[in-house]
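Trainee: For the sequence shown, the positions run 15 to 375 when the working numbering is used. Virtual Cβ for every residue (Gly too), placed ideally from N, Cα, C. All values reported here derive from a predicted model rather than from experimental measurement.
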Amino acid sequence: MSRVYNFSAGPSMLPEPVLKKAADEMLDYQGCGQSVMEMSHRSKQFDGIIKDCEALLREVMNIPDNYKVLFLQGGCSSQFAMVPMNLMNKNNKADYVITGQWAKKAAKEAARYGEVNIVASSEDKTFTYIPKLDKSTFSKDADYFYICMNNTIYGTVYHELPDTGDIPLVADISSCIMSEPIDVSKFGCLIAGAQKNLAPAGLTIVIIREDLIGNAMDITPTMFNYKTHADANSLFNTPPCWTIYVAKLVLEWIKNEVGGLDKMKELNEKKAKVLYDFLDNSKLFKGTVVKEDRSLMNVPFVTGDKDMDAKFVEEATKAGFVNIKGHRTVGGMRASIYNAMPYEGVEKLVEFMKKFEEENA
Ligand SMILES: *Cc1c(COP(=O)(O)O)cnc(C)c1O
């Protein structure tokens, strides 16, 4: 068996021990004679799985008791509607910072339900930086303030959170969840699709402060109301059982094998440094993001020559570095180096890039 190094932005690599464990338990989950894919979501076994998954998520992310954890479907894209439907409930207004396609889509969707104030945008330079925020441009009466924490396509991340005072901060953490510790208490609501850094596709995580639940707009479909899922402990209807099970295995891996999120961050920093250091010294390749806003998870880079980019992507793919082509709006390449990408994957990629540079200089 030979596995490739998969630099996909999502769905992306899962830790090998997790895949092996899932394979071991595939036909017979802990002696119950069936797989997790087949069992009832009301069974004793699945009840154990979803409870363990939530307990682990709370422990690993250090989630305060006054926050609910919801396991939903519909992807993070559904949250672009659920957030305004549930939270635009006093002044029908929210502030958004536009740092890429995902933030833009979220703002566009929110504008269908209320007033959206664009506080800042980095679109002028193809989202290669996080805009400096000026508090005087924040709405005093916004129901919430929205950011996309890690910008998957452009490779930027907020190293500092906006100070929104009493206004709840909502963040899309789809592509940085579990990559390093975050202070959940600074947020009103966190949303994330699981398929970047936590589990296979199909699971959407919402972590929300309890007092923000229960005031959804009247038009909100039952399935889009956070209260529906909070009251039913994410078992109002059939949840994505298999994906929740794999998320539990990934959380066990982070807790027991990696040693928690502080350790995870150390590993991710070490990994990203190899690549960024190389890019900073390369004569052929260069990173597209300003240094101070660089993401640990997504690293876009270019040669400045479309044909050379295409040649690199082709040769890299042949050598087993797959899904390294950049997003069409940036061009070039993007290496997504999520938690499950081993250090040696990045090390080998850099060796390959060095060789390519020598051959094509
Ligand atoms: C992938 C991604 C999304 C979209 O997630 P879906 O689960 O596919 O809807 C939203 N936001 C960010 C930051 C992403 O990386």
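Would you list the residues whose beta-carbon is nearer than 6 Å to any heavy atom of ligand 1, in the order they occur in the chain?
Mentor: Listed along the chain, these residues meet the criterion: Gly24, Gly89, Cys90, Ser91, Trp116, Cys162, Thr166, Asp186, Ser188, Ser189, Gly207 and Lys210.
Trainee: Where Pro78 and Val171 are concerned, what is the direct C-alpha to C-alpha distance, given to the nearest angstrom?
Mentor: Cα to Cα, the separation comes out at about 24 Å.
Trainee: With a threshold of 8 Å, are at least 3 pairs of Cβ atoms found where one atom belongs to the segment 159-175 and the other to the segment 103-120?
Mentor: Contact holds: three or more Cβ-Cβ distances are below 8 Å.
Trainee: Starting from Cys162, follow its DSSP beta bridges and name the residues at the other end.
Mentor: BP columns for Cys162 point to Asp186.
Trainee: What's the C-alpha gap between Asp155 and Val133?
Mentor: C-alpha separation (whole angstroms): 13 Å.
Trainee: Between the C-alpha atoms of Arg223 and Ile351, what's the straight-line distance to the nearest angstrom?
Mentor: If you take the alpha carbons of Arg223 and Ile351, they lie about 30 Å apart.
Trainee: Examine chain C for any beta-carbon lying closer than 8 Å to the beta-carbon of Ile187, and answer yes or no.
Mentor: The structure shown has no chain C; it contains just one protein chain.
Trainee: Go ahead and pull the three-state DSSP assignment for Asp61.
Mentor: Looking at Asp61 - three-state DSSP - the assignment turns out to be helix.
Trainee: For Phe335, which residues in the same chain have their Cβ closer than 6 Å to its Cβ, ignoring the five residues on either side in sequence?
Mentor: Contacts found: Tyr19 and Leu363.
Trainee: Tell me, to the nearest whole angstrom, how far the beta carbon of Met231 is from that of Tyr127; I am working on the premise that it is less than 8 Å.
Mentor: That belief holds up - the Cβ atoms of Met231 and Tyr127 are roughly 7 Å apart, short of 8 Å.
Trainee: Between Leu217 and Phe85, which are expected to be in contact by the criterion C-beta below 8 Å, what is the C-beta distance as a whole number of angstroms?
Mentor: Yes, they are in contact, since the Cβ atoms of Leu217 and Phe85 sit about 6 Å apart, within 8 Å.
Trainee: Would you call the segment 199-215 and the segment 174-184 in contact, with 3 or more CB pairs under 8 Å?
Mentor: They touch, by the three-pair rule.
Trainee: Classify Val304: buried if its beta carbon has 16 or more other beta carbons within 10 angstroms, exposed otherwise.
Mentor: When all chains shown are included, Val304 counts as exposed.
Trainee: When we look at the beta-carbon of Lys284 and count the other beta-carbons within 10 Å, is it buried (16 or more) or exposed?
Mentor: So Lys284 counts as exposed.
Trainee: For Leu289 and Asp323, what's the separation of their Cα atoms in angstroms?
Mentor: Distance between the alpha carbons of Leu289 and Asp323 is about 17 Å.
Trainee: Among all the DSSP beta bridges, which residues are the ones paired with Asn20?
Mentor: DSSP, once it has assigned bridges, lists Val336 as partnering Asn20.
Trainee: Using alpha carbons as the reference points, say which of Arg342, Gly346 and Leu265 lies closest to Cys67.
Mentor: Measuring from the Cα of Cys67, the nearest candidate turns out to be Leu265.
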